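Numbering-wise (my numbering), the sequence shown opens with residue 63 and increments by one. C-beta: ideal position from N, C-alpha, C; glycine also. Since this is a predicted model, take the numbers as computed values, not measurements.
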Amino acid sequence: MSTFEKISVEISVVLGGQTMPIHQLLRMGRGAVIELDRQADDDVEILANDIPVARGQVILKGERIGVSITEVLHRSQAMRRPESVKKITA
């Protein structure tokens, strides 16, 4: 195995997003539901080190949750990050 192949990459999956007033967030407790900006059958965003690399569908595999890749993004697509997955920076 080459040195390149030993590099670790953090993979994360974005289900969706939501914007709400801080007072609403502060009132949330156990059992609160946050409605996201996507439908249940919409693709989720797959990020590698916070860069979009693919899209996929959430699947259940036994007791585990997984993502089945439906589209691999080209480098030019990956650089155009949708608003729903942009992080707020101070």
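Inter-residue CB distance, Ile131 and Ile108 (contact presumed, cutoff 8 angstroms): Ile131 to Ile108, Cβ: 7 angstroms. Contact.
Terminal residues of the alpha helix (DSSP H) in which Ile69 lies: That residue, Ile69, is in no alpha helix (DSSP H); it is neither H nor E in DSSP.
Rounded separation between His85 and Ile96 - CA only: 14 angstroms
Buried or exposed (CB count within 10 angstroms, at least 16 for buried), Ala94: exposed
Same chain only: Cβ atoms within 8 angstroms of Ala152, ignoring 5 sequence neighbours per side: Only weak support is given to the placement of Ala152: the predicted model assigns it a pLDDT of 38, under 50, and the value that follows is read from those uncertain coordinates. So no residue of the chain qualifies.
Bridge partner(s) assigned by DSSP for Glu97: For Glu97, which the question treats as bridged, DSSP gives no partner whatsoever.
Status (buried if at least 16 other CB within 10 Å, exposed otherwise) for Ala110: exposed
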